[in-house]
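Asks: First the structure, then my questions, so here it is.
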Amino acid sequence: MLAVDMTGDAVKAKNGSMVAYDGQMAFKKLSGGGEGLRGMVTRRLTGEQMTVMEVKGHGTCWFADRASEINLVGLQGEKLYVESSNLLATDAGLRTGTTFTGLRGASQGNGLFTTTVEGHGQAAIMSDGPAVVLRVSAQYPLTVDPGAYIAHQGNLRQSFQSGVTFRTLLGEGGGEAFQIRFEGDGLVYVQPSERNTIAGDV
Amino acid sequence: MYGAPGGGPTVYDPMTLPVDDNVNKYTFCVELKGSQWFLQKGKMIAYYGSMEFNGIGHGRLDRLVRTSFHSPLHASEWVVAEGSGKMLLADRAFDVNSYDLEDGNLTIRSGNLLAFQPSLALKQSIVPGFLTLIGTGKFVAASNGPVVFMEPPIRVDPQALVGWADCPSPCHHYDHSYMTGLMGGLRAMTGLGGASGEEHQFEFVGAGTVLLQSSETLMAEQATGAVPNEPGVPGGGAHTGPSQQAGAPRLPGQLGDLQRRFGL
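The listed protein sequences correspond, in order, to chains S and U.
Per the numbering used here, the first sequence runs over residues 1386 to 1587.
Per the numbering used here, the second sequence runs over residues 974 to 1237.
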């Protein structure tokens, strides 16, 4: 559960994720994620849809979604890449947008596009079980299972690795046929659970 | 460099990740230094370094399979990780823990075992749905809630049982005074008049340890493979009695019992 103290400022949160509040709050649905007309059209086109509300007022507001674990990410001008289904709330000052992810998205079954969060402030991301934050640096590249990946931040290049061989077709694959490799400098968030991906059984 | 924001979560890198220990309650880190580990398919969530994951049917691994993998019938559920680096294991956000065996044996529900060192030998248990590990080494198991260790004699709820070590004798125990008779049958069948749901337990006696999970939610069963179809092998399919599925003993209160009671 995420508790947000507000003194006249606002947060953006996933529609319907408020579970309780005290004080004075106003809830306003933001069509198209509060990204303006262009953002709205982009989200429509990419299928990376996100219904967002703006919460504004004085007091404390509690957010939660399906008892999933909530991880706070502080941003100082960097960009956070997260699946829209894993994004619970952001400070109103953070800009959200949509970006192309390529094959990684496809291997996760989450579509080819992902959400970006940018600016200064905090974002709350959700995971199935507490997320483990792994640092990627030049000498330590990281390889992640697409089903366990939830978000990353920093200056990272991602490449898609496939271990599909004729063995996979024989039903004797390594069980880790699709992997995403991160190189560069940044942080990757993984959850201790795997979503069902098309690669899940390969 | 991207530092952890004030009061934020710990950021791990290959230097700070623990060696063969838990990262948090749900994630386990294994260090490979040219060594090998057996793991259940799809439980690796991330790794540093260079690793290879190979299905157990892989030719090069044949010798390894011969020495430490004696269940050819479910080999396709397991992979061998080899290489060097650190690997994170997790299973559907269940609790994971590692256990050390020293020249011992342990039997565990097949769905709960995540990974083990090749110094252990994995065999199918005679008890259907369970696997036995023999030898010295480390293994990682998942459970729904923390694991509790108990000493026999003890009777446990079938859904809470994770496994047992050092050979106590597992057997079924029925609360007969509560179940027998027409009223008992009706009670169990309809739930009227207070079926407590605890009329059937597993009983362990003898020296050893019994592992329980602190919830009654079973983890998805992992196929252990079929056993040879011979008489005398439980679950082997050859004349195990009328419609009696080994491994899933008919629960008290199912119609079969009532029929028997009425002599039908």
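Virtual Cβ for every residue (Gly too), placed ideally from N, Cα, C.
This one's a predicted model, so the numbers in the text were calculated from it and none came from an experiment.
Cα-Cα, which of 1524(S), 1578(S), 1541(S) and 1526(S) is closest to residue 1515(S)?
Replies: When 1524(S), 1578(S), 1541(S) and 1526(S) are compared, the shortest CA-CA separation from residue 1515(S) is found for 1578(S).
Asks: Counting only the same chain and skipping the five closest in sequence on each side, list residues whose C-beta sits under 6 Å from that of residue 1564(S).
Replies: 1528 and 1546
Asks: What does residue 984(U) reach in chain S if we use C-beta pairs closer than 9 Å?
Replies: Here the neighbours are 1518, 1519, 1520 and 1572.
Asks: Among all the DSSP beta bridges, which residues are the ones paired with residue 1056(U)?
Replies: 1024(U)
Asks: Among 1077(U), 994(U), 1088(U) and 993(U), whose alpha-carbon lies nearest the alpha-carbon of residue 1180(U)?
Replies: 1077(U)
Asks: Enumerate in chain order the residues of its own chain whose CB-to-CB distance from residue 1395(S) is below 7 Å, with the five nearest sequence positions on each side excluded.
Replies: If you ignore the 5 residues before and after residue 1395(S), its C-beta comes within less than 7 Å of the C-beta of 1439, 1440, 1441 and 1477, all in its own chain and listed in chain order.
Asks: Say whether chain S places a C-beta atom closer than 8 Å to the C-beta of residue 1082(U).
Replies: No, no contact with chain S.
Asks: Please list the residues of the segment 1055-1069 of chain U that have a C-beta atom closer than 7 Å to any C-beta atom in chain S, keeping them in chain order.
Replies: 1061, 1063, 1065 and 1066
Asks: Measuring CB to CB, does residue 1135(U) end up less than 8 Å from residue 1186(U)?
Replies: yes
Asks: Determine the chain U residues that contact residue 1525(S) at a beta-carbon separation under 7 Å, and present them in chain order.
Replies: 986, 987 and 1021
Asks: Could you check the C-alpha separation between residue 1390(S) and residue 1402(S) for me, to the nearest Å?
Replies: 16 Å
Asks: On the premise that residue 1388(S) lies in contact with residue 1445(S), defined as a C-beta separation below 8 Å, what is that separation, rounded to the nearest angstrom?
Replies: 6 Å
Asks: Report the CB separation of residue 960(U) from residue 1016(U) in whole angstroms; it is logged as a contact under 8 Å.
Replies: As displayed, chain U neither begins before 974 nor continues past 1237, which places residue 960(U) out of reach and without an answer.
Asks: Would a check of beta-carbon distances place residue 1575(S) closer than 8 Å to chain U?
Replies: yes
Asks: For residue 1055(U), count neighbouring C-beta atoms within 10 Å of its own C-beta (all shown protein chains included) and say buried if the count is 16 or more, exposed if not.
Replies: buried
Asks: Is there a C-beta anywhere in chain U that falls below 8 Å from the one on residue 1444(S)?
Replies: no
Asks: Helix or strand or just coil, what does DSSP make of residue 1186(U)?
Replies: strand
Asks: Compare the C-alpha of residue 1057(U) against each of 993(U), 1116(U) and 1008(U) and name the closest.
Replies: Considering only alpha carbons, the answer is 1008(U).
Asks: Need the endpoints of the beta strand (DSSP E) that residue 1016(U) sits in, please.
Replies: Counting along the chain, residue 1016(U) falls outside any beta strand (DSSP E), and DSSP gives it neither H nor E.
Asks: Can you pull the chain S residues whose beta carbon is under 9 Å from the beta carbon of residue 997(U), in chain order?
Replies: Under the 9 Å cutoff, chain S gives 1514, 1515, 1517 and 1577.
Asks: What three-state label does DSSP hand residue 1400(S) in the structure shown?
Replies: coil
Asks: List the residues of chain S whose Cβ lies closer than 9 Å to the Cβ of residue 1018(U), in chain order.
Replies: Within 9 Å Cβ-Cβ: 1517, 1529, 1530, 1532, 1533, 1534, 1575, 1576, 1577, 1578 and 1579.
Asks: Hey, does residue 1190(U) have any beta-carbon neighbour from chain S nearer than 8 Å?
Replies: no
Asks: Determine whether the Cβ of residue 1109(U) lies closer than 8 Å to any Cβ atom of chain S.
Replies: no
Asks: For residue 1050(U), does the three-state DSSP call read helix, strand or coil?
Replies: helix
Asks: Rounded to a whole number of angstroms, what is the C-alpha to C-alpha distance between residue 1130(U) and residue 1027(U)?
Replies: 37 Å
Asks: What are the boundary residues of the beta strand (DSSP E) that includes residue 1096(U)?
Replies: 1093-1097
Asks: List the residues of chain S that residue 1182(U) touches, going by C-beta distances under 9 Å, in chain order.
Replies: Near residue 1182(U) there are no residues of chain S at all, since even the closest Cβ is about 26 Å away, more than 9 Å.
Asks: Can you tell me whether residue 1531(S) is buried or exposed, with buried defined as 16 or more other CB within 10 angstroms of its CB?
Replies: Counting every other CB atom within 10 Å of its CB across the protein chains shown gives residue 1531(S) a total of 16 or more, marking it as buried.
Asks: Please identify the residue among 1092(U), 1118(U), 1005(U) and 988(U) whose C-alpha is closest to the C-alpha of residue 1111(U).
Replies: 1092(U)
Asks: Just curious, the beta strand (DSSP E) that residue 1598(S) is in, first and last residue?
Replies: The structure shown does not extend to residue 1598(S), since chain S is modelled only from 1386 to 1587, so the question has no answer here.
Asks: Residue 1520(S) and residue 985(U): beta carbons closer than 8 Å?
Replies: With respect to residue 985(U), residue 1520(S) sits close: the two C-beta atoms are nearer than 8 Å.
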